[in-house]
Amino acid sequence: MPSRDGRTTMVVVNPNSANGRTGKSWPKVEEVLSSCLGEFDYRFTSGPADATGITADALDSGYTRIVVVGGDGTNNEVVNGWFGPDGRPRNPQAVLGLVPRGTGGDFRKTFGIGTRPESWARVLSGNNVAEIDCGLATFEGPAGRTSRYFVNITSFGLGGLVDDRVNNSTKVLGGTVSFAIGTLRALWRWRNQKVQLKVLGPEGESVFDGEQRIVNVAVANGQYFGGGMWVAPGASCYDGLFDVVVLGDLTKAQVVLKTSSIYRGTHLRLDEVSVVRGSRVEASSDERVLIDMDGEQPGWLPATLEVVPASIRLLVPEEWKRKRQGR
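Numbering of the sequence shown is given in numbering that gives the first Met the number 0, commencing with residue 0 and proceeding in unit increments.
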């Protein structure tokens with residue numbers, strides 16, 4: 000790679016995304032991609048972390064545009080191939096494009112990228128690039144201490160248990176319903192967990208340092224998670240800061256009754272919910288607190304999360320870029 004005829008676009012396709020519908024509809028997606036990208040190369044993923052290797056190989060070989068056909072989990076794998084062993088982008092000039100095809104589809108919502116072909120094709124055809132932040136999380140995983148990049152949201156608490164339920168069940172009902180059912184199933188056995196949380200600002204100053212019992216803590220680069228929950232309405236992917244949204248010691252009944260407010264983004268008015276902003280988050284617990292990272296469940300606390308500013312060049316809608324620039 001790149002191909003002998005000079006193609007510069009690599010399309011990474013997860014055929015199992017959207018409960019397997021992506022593989023079945025690939026010929027139609029390929030046709031639309033050809034119309035908006037011209038000639039390109041593509042690779043199908045065949046298992047976990049495959050998209051990471053495909054992306055790393057493509058960028059090291061000179062491809063300058065990576066397009067992801069899949070969901071938030073596939074986006075996460077691609078982002079983990081974006082950076083080299085030195086922590087720098089493998090190709091600083093490369094751009095990332097999205098064809099949303101997953102269960103949750105939360106990351107694309109922050110930018111207003113639709114799921115209809117005419118929406119994402121228009122974005123891929125344009126030249127509107129935003130330099131966005133991502134996050135680097137270090138945590139405990141099955142293989143020991145592990146570091147992974149994330150591009151949307153990493154949370155811990157109930158969210159990690161929900162991921163476990165959703166990813167081990169059928170997703171045929173789609174993202175919103177799948178995550179709603181997963182939340183109710185997880186809540187059945189849930190009890191709030193005590194977490195030690197420390198948030199630092201960009202100059203290393205302490206923004207928050209304390210222990211509290213929580214339902215969930217969302218460390219947000221993007222605004223949405225859990226199949227459409229607008230958990231961090233004020234989060235920005237380009238300010239060098241996380242929005243840390245703490246859902247405190249709510250009862251199960253309150254969680255059920257207030258879930259709709261999270262979809263609307265009005266939950267921040269609740270006394271049990273707080274938001275702080277920082278560039279580094281440290282979290283630990285004496286309990287086993289599961290982590291949710293871009294819709295996957297990779298491990299548990301303790302964890303350290305840091306912003307990697309302006310590290311990914313993302314193709315975005317023209318309207319989103321104009322709004323960001325205040326025009």
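Here a beta-carbon is modelled for each residue, glycine too, at the ideal position from N, C-alpha and C. If you're wondering where the values come from, they're calculated on a predicted model, not measured in any experiment.
So, helix, strand or coil for cysteine 133, using DSSP? Against the sequence shown, residue 133 aligns to sequence position 134. If DSSP states are grouped into helix, strand and coil, cysteine 133 belongs with the strands.
Hey, valine 280 and phenylalanine 224 are a contact pair by Cβ (cut 8 Å); roughly how many whole angstroms apart? Your numbering for residue 280 matches position 281 in the sequence shown. Your numbering for residue 224 matches position 225 in the sequence shown. Rounded, the Cβ-Cβ distance is 16 Å, inconsistent with contact.
Entirely enclosed beta strand (DSSP E) segments - the segment 61-115, minimum 3 residues: 64-69 and 94-99
If serine 154 and arginine 100 are in contact, beta carbons under 8 Å, what's the gap, nearest whole angstrom? Counted from its first residue, the sequence shown places residue 154 at position 155. Counted from its first residue, the sequence shown places residue 100 at position 101. Not quite, the Cβ-Cβ distance comes to about 23 Å (not below 8 Å), so this is no contact.
CB contact flag (cysteine 133, valine 122, <8 Å): Within the sequence shown, the letter at position 134 stands for residue 133. Within the sequence shown, the letter at position 123 stands for residue 122. Taking 8 Å as the Cβ cut-off, cysteine 133 and valine 122 do not qualify as a contacting pair.
Return the chain-ordered list of same chain residues with a C-beta closer than 6 Å to the C-beta of methionine 9, the five sequence neighbours on each side being excluded. Reading the sequence shown from its first residue, position 10 is the one you call residue 9. Taken in chain order, the residues that qualify are Asp40, Ala57, Tyr62 and Ile65.
The beta strand (DSSP E) spanning tyrosine 41 covers which residue range? Here the question's residue 41 lines up with position 42 in the sequence shown. Residues 40-43.
Between which two residues does the alpha helix (DSSP H) containing arginine 323 stretch? Translated into positions along the sequence shown, residue 323 becomes position 324. Taken as a continuous stretch (DSSP letters only), the alpha helix (DSSP H) holding arginine 323 covers 317-323.
To the nearest angstrom, how far is the alpha carbon of valine 307 from that of valine 94? Taking the first residue of the sequence shown as position 1, residue 307 is located at position 308. Taking the first residue of the sequence shown as position 1, residue 94 is located at position 95. So the alpha carbons of these two residues sit roughly 16 Å apart.
For glutamine 195, tell me which candidate among Glu286, Lys23 and Ala234 has the shortest Cα-Cα distance. Translated into the one-based positions of the sequence shown, residue 195 becomes position 196. The shortest Cα separation from glutamine 195 among Glu286, Lys23 and Ala234 belongs to Glu286.
Quick one: what's tyrosine 148 bridged to in DSSP? Residue numbering aside, residue 148 sits at position 149 when the sequence shown is read from its first letter. BP columns for tyrosine 148 point to Leu135.
Among residues of its own chain, excluding the 5 on either side of arginine 147, which ones have a beta-carbon nearer than 7 Å to its beta-carbon? Here residue 147 refers to the residue found at position 148 of the sequence shown. Same-chain partners within the cutoff: Asn79, Ala136, Met292 and Pro297.
Suppose you measure from the CA of serine 118 to the CA of phenylalanine 110; what does that come to, to the nearest Å? If you number the sequence shown from 1, residue 118 lands on position 119. If you number the sequence shown from 1, residue 110 lands on position 111. In a straight line, the C-alpha of serine 118 is about 12 Å away from that of phenylalanine 110.
In the structure shown, what three-state DSSP assignment does proline 26 receive? Your numbering for residue 26 matches position 27 in the sequence shown. Three-state DSSP puts proline 26 in a helix.
Alanine 217 to glycine 5, Cα distance in whole Å? Position 218 of the sequence shown, counted from the start, is the residue given in the question as residue 217. Position 6 of the sequence shown, counted from the start, is the residue given in the question as residue 5. Roughly 42 Å between the two C-alpha positions.
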